[in-house]
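Engineer: In mature numbering (1 follows the signal peptide of the UniProt record, and there is no 0), the protein residues as written are -23 to -1, 1 to 400.
Beta carbons are placed, not taken as given, at the ideal position from N, Cα and C, and that holds for glycine.
The model shown is predicted, which means the values in this text are computed figures rather than measured ones.
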Amino acid sequence: MKQKQVWLGALPAALVAALLVTAALSPRAAGRAPSMPGALAYPNCDNLLQQGGGADPIRILSGAGVIQPIAFVGNVAACSLTVDHTYSGAARLDLVQWDPAALAPDPTTVALRTRSFDVSALQYGWTRADFYPPVVIRSVDHVAEPPRQTTAMVWTAAYDANLVRFDSNGPPEVPGALEFPPGGTPRIRIPTAHPVLSHAVCGGDGALQDLQVIQSVMTTTSLSDTMCFDLIQRFRVPARSRLHWVEVAFGVNPHPVYFDPIIAILDADGAAEPPVSLPPSLVEAPYLQYVVSPFWGSHYDFDHLITLEPGHDYWLLARVEHRYLLYKRDLTGAESADFSANIGPLFWRAWLGSNWVAEPSRSLCFRMIGEALGGHPQPHGRLRDRPLGEADPGAPPPHAIGAAAAGAPSAEPGAGPFRLGVA
């Protein structure tokens, strides 16, 4: 079959249009607006942070995959890859914290976001292009355990092969792509001069780049179990902040029971332990997640925003109702001063109205996203003359090699490989 290639990452206007269209078709996108600036509900990609072109093919066998590290440090609204249409197979894309020294995902935490694609998605491109909520990497000073500032996209073929496109000699400022066999290791650089996957990374706009992690515990070392009805964690924030949403780290529960779990913030009011009958929440929202692999996930919209004050104790309540497994961090005694000052005790209970049980050697894993009040400037807007990987207007076009040279680019709707946006 004759190959037809269309690299949308090299066409920022086309990428923006695709992101807007897919976001507009998403039933979940509009629901986030009350607790986020309107621009974030439909990211417009004022910041196209990183991209790579090319049409060289790399075949990904079942269980194998490819990795594209992201050099830009910033908050991520969307990612995309160029993948050929296929009439069989499935795949998964994870956005992970990345260790550039080890050339590996950070083993101390789970994926920041994960998305599975079935046969229909790979055949027709029925995918959302935006992460919902966006992935926030930047943090205020003195959070308990700040997130790593380097990330990567990991694409894994679930069954049957996928054909992913890349540039065998890509832009030098974009980190080289890697591949791995079934099982995940070893991870090795794709054996070309400077391999860069055909991809794009969208940073939304300045409003998204202004959001920060205002408190977090990132290390995921143990799981709660289905005995838990409630988990509650005492915490403080290091700076006066407006809370937009909360994320927790979900583990896989193979036999979920369907209830109506919630995530809530309550005023601890100096209490050493939570009361059996909890006071009204400051803010709360339900959540619903289908967990096939561990990841950081959030809730539905808060109906209003609250301001958290430094030096004040709050409770983070995660009502799992025996359905969800959440990650916790095992404490070693070597935690930082910022951790000890801001993260209090963790408790759980088996039923509503039962007594709380302390877990003195653990804390709940969580990420709180918001905006620092009182001034903590962060750079935003386009931080470079052009996004990482965008061609220099004065440079000659890249030379297509090997099988990628077969077939001319086509603008026909639905022809050739599609730009696969992920959420």
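Nearest to S193 by CA position, among P148, A154, R115, F157, is which residue?
Structural biologist: Start at 1 with the first residue of the sequence shown, and residue 193 comes out as number 216. Checking every option, the nearest Cα to that of S193 belongs to R115.
Engineer: Expressed to the nearest angstrom, what Euclidean distance is found between the alpha-carbon atoms of D182 and Q126?
Structural biologist: Taking the sequence shown and counting its residues from 1, one reaches residue 182 at position 205. Taking the sequence shown and counting its residues from 1, one reaches residue 126 at position 149. Their backbone Cα atoms lie some 19 Å apart in a straight line.
Engineer: First and last residue of the alpha helix (DSSP H) that includes G183?
Structural biologist: Here residue 183 refers to the residue found at position 206 when the sequence shown is read from its first residue. Segment 183 to 187, the alpha helix (DSSP H) holding G183.
Engineer: Beta carbon of L200, beta carbon of Y264: below 8 Å?
Structural biologist: The sequence position of residue 200 within the sequence shown is 223, counting from 1. The sequence position of residue 264 within the sequence shown is 287, counting from 1. Going by C-beta atoms, L200 is not nearer than 8 Å to Y264.
Engineer: Could you spell out where the alpha helix (DSSP H) holding Y101 opens and where it closes?
Structural biologist: Along the sequence shown, read from residue 1 onward, the residue named residue 101 stands at position 124. Its alpha helix (DSSP H) spans residues 96 to 101.
Engineer: Nearest by alpha-carbon distance to E312: which of G330, S338, W333 is it?
Structural biologist: Taking the sequence shown and counting its residues from 1, the one referred to as residue 312 is at position 335. Checking every option, the nearest Cα to that of E312 belongs to S338.
Engineer: Could you check which residue in P257, I44, W222, Y267 has the C-alpha nearest to that of F143?
Structural biologist: To locate residue 143, count along the sequence shown from 1; it is residue 166. Comparing Cα positions, the closest option is I44.
Engineer: Go to A55, then tell me how far its beta strand (DSSP E) extends in each direction, as first and last residue.
Structural biologist: Stepping through the sequence shown from its first residue, residue 55 is reached at position 78. Taken as a continuous stretch (DSSP letters only), the beta strand (DSSP E) holding A55 covers 53 to 60.
Engineer: What did DSSP end up calling F49 once you bin it into helix, strand or coil?
Structural biologist: The residue given as residue 49 occupies position 72 in the sequence shown. Of the three classes helix, strand and coil, the one that applies to F49 here is coil, per DSSP.
Engineer: Could you tell me whether the Cβ of Q126 comes closer than 8 Å to any Cβ of chain B?
Structural biologist: Structure shown: chain B not included; a single protein chain is present.
Engineer: Starting from E348, follow its DSSP beta bridges and name the residues at the other end.
Structural biologist: Translated into the one-based positions of the sequence shown, residue 348 becomes position 371. According to DSSP, E348 bridges with R219.
Engineer: May I ask you to report which of helix, strand or coil DSSP gives A377?
Structural biologist: In the sequence shown, the residue the question calls residue 377 occupies position 400. For A377, the predicted structure reports a pLDDT of 31, less than 50, and the residue's modelled location is therefore unreliable. A value from the coordinates is still provided. If DSSP states are grouped into helix, strand and coil, A377 belongs with coil.
Engineer: Buried or exposed: T309, going by 16 or more other Cβ atoms within 10 Å of its Cβ?
Structural biologist: Within the sequence shown, the letter at position 332 stands for residue 309. With fewer than 16 other Cβ atoms within 10 Å, it is exposed.
Engineer: Going by DSSP, what residue range makes up the alpha helix (DSSP H) through S317?
Structural biologist: Taking the sequence shown and counting its residues from 1, the one referred to as residue 317 is at position 340. From DSSP, the alpha helix (DSSP H) with S317 extends over 314 to 319.
Engineer: To the nearest angstrom, how far is it from the Cα of G351 to the Cα of N146?
Structural biologist: Residue 351 sits at position 374 when you count from the first residue of the sequence shown. Residue 146 sits at position 169 when you count from the first residue of the sequence shown. Cα-Cα distance, rounded: 46 Å.
Engineer: Going by C-alpha to C-alpha distance, which of N139, T86, L26, A81 sits closest to R69?
Structural biologist: Taking the first residue of the sequence shown as position 1, residue 69 is located at position 92. Checking every option, the nearest Cα to that of R69 belongs to N139.
Engineer: Does DSSP put N139 in a helix, a strand or coil?
Structural biologist: Taking the first residue of the sequence shown as position 1, residue 139 is located at position 162. The answer is strand: DSSP assigns N139 an E or B state.
Engineer: With 16 other CB atoms within 10 Å as the buried threshold, where does M345 fall?
Structural biologist: Here residue 345 corresponds to residue number 368 of the sequence shown, with the count starting at 1. M345 should be labelled buried.
Engineer: What residue range does the beta strand (DSSP E) around D83 cover?
Structural biologist: On the sequence shown, residue 83 is found 106 positions in, with the first residue counted as 1. Counting along the chain, D83 falls outside any beta strand (DSSP E), and DSSP gives it neither H nor E.
Engineer: Which value, in whole angstroms, describes the spacing of the CA atoms of Q189 and A295?
Structural biologist: For the purposes of this step, residue 189 is taken as residue 212 along the sequence shown, with counting starting at 1. For the purposes of this step, residue 295 is taken as residue 318 along the sequence shown, with counting starting at 1. Whole-angstrom Cα-Cα distance: 21 Å.
Engineer: If L293 and F324 are in contact, beta carbons under 8 Å, what's the gap, nearest whole angstrom?
Structural biologist: By 1-based counting over the sequence shown, the position of residue 293 is 316. By 1-based counting over the sequence shown, the position of residue 324 is 347. Not a contact, Cβ separation roughly 11 Å.
Engineer: Since P287 and R217 are thought to touch, with beta carbons under 8 Å apart, how far apart are those beta carbons, to the nearest angstrom?
Structural biologist: On the sequence shown, position 310 is the one that residue 287 refers to. On the sequence shown, position 240 is the one that residue 217 refers to. Going by Cβ atoms, the distance from P287 to R217 rounds to 6 Å, so yes, they are a contact pair.
Engineer: Short of 6 Å in beta carbon distance, which residues of its chain neighbour H276, apart from the five on each side in sequence? Order them along the chain.
Structural biologist: Taking the first residue of the sequence shown as 1, we reach residue 276 at position 299. Around H276: I240, A262, Y264.
Engineer: T196 by DSSP, collapsed to three states: which one?
Structural biologist: Indexing the sequence shown from 1 puts residue 196 at position 219. Here T196 sits in coil by DSSP.
Engineer: List the endpoints of the continuous beta strand (DSSP E) containing G274.
Structural biologist: Here residue 274 refers to the residue found at position 297 of the sequence shown. Segment 272 to 274, the beta strand (DSSP E) holding G274.
Engineer: According to DSSP, is G42 helix, strand or coil?
Structural biologist: Counted from its first residue, the sequence shown places residue 42 at position 65. Strand, per DSSP.
Engineer: If you follow the beta strand (DSSP E) that P263 is part of, which residue opens it and which one closes it?
Structural biologist: For this step, residue 263 is matched to residue 286 along the sequence shown. Run containing P263: 260 to 263, per the beta strand (DSSP E) assignment.
Engineer: For T196 and R213, I'd like the C-alpha separation in whole angstroms.
Structural biologist: By one-based count along the sequence shown, residue 196 stands at place 219. By one-based count along the sequence shown, residue 213 stands at place 236. Whole-angstrom Cα-Cα distance: 18 Å.
Engineer: Note down, in chain order, each residue of its chain lying with its Cβ closer than 6 Å to the Cβ of T85, except the 5 sequence neighbours on either side.
Structural biologist: As a first step, residue 85 is located in the sequence shown; it is residue number 108 there, counting from the start. The residues are T196.
Engineer: Please classify T128 as buried or exposed, where buried requires at least 16 other C-beta atoms within 10 Å of its C-beta.
Structural biologist: Counting from one through the sequence shown, the residue named residue 128 turns up at place 151. By the neighbour-count rule (16 or more Cβ atoms within 10 Å), T128 is buried.
Engineer: Which residue's Cα is closest to the Cα of residue 410: D71, V60, I35, Y64?
Structural biologist: No statement about residue 410 is possible, as the shown extent of the chain runs from -23 to 400 and does not include it.
Engineer: Given this structure, state the Cα-to-Cα distance separating D61 from T133, to the nearest angstrom.
Structural biologist: If you number the sequence shown from 1, residue 61 lands on position 84. If you number the sequence shown from 1, residue 133 lands on position 156. Whole-angstrom Cα-Cα distance: 14 Å.
Engineer: Grouping DSSP H, G and I as helix and E and B as strand, with all else coil, what is N146?
Structural biologist: For the purposes of this step, residue 146 is identified with residue 169 of the sequence shown, where counting begins at 1. DSSP places N146 in strand when its eight states are reduced to three.
Engineer: How would you call Y267, buried or exposed, if buried means at least 16 neighbouring beta carbons within 10 angstroms?
Structural biologist: Numbered from its first residue, the sequence shown carries residue 267 at position 290. So Y267 ends up on the exposed side.
Engineer: Tell whether a beta-carbon distance below 8 Å holds between G153 and P172.
Structural biologist: For the purposes of this step, residue 153 is identified with residue 176 of the sequence shown, where counting begins at 1. For the purposes of this step, residue 172 is identified with residue 195 of the sequence shown, where counting begins at 1. A contact, by the Cβ cut-off of 8 Å.
Engineer: Does the beta-carbon distance from R191 to V131 come in below 8 Å?
Structural biologist: Residue mapping note: residue 191 aligns to position 214 of the sequence shown, counting from 1. Residue mapping note: residue 131 aligns to position 154 of the sequence shown, counting from 1. Per the sequence shown, the amino acid found at residue 191 is Ile instead of Arg. No, these two residues do not count as a Cβ contact at 8 Å.
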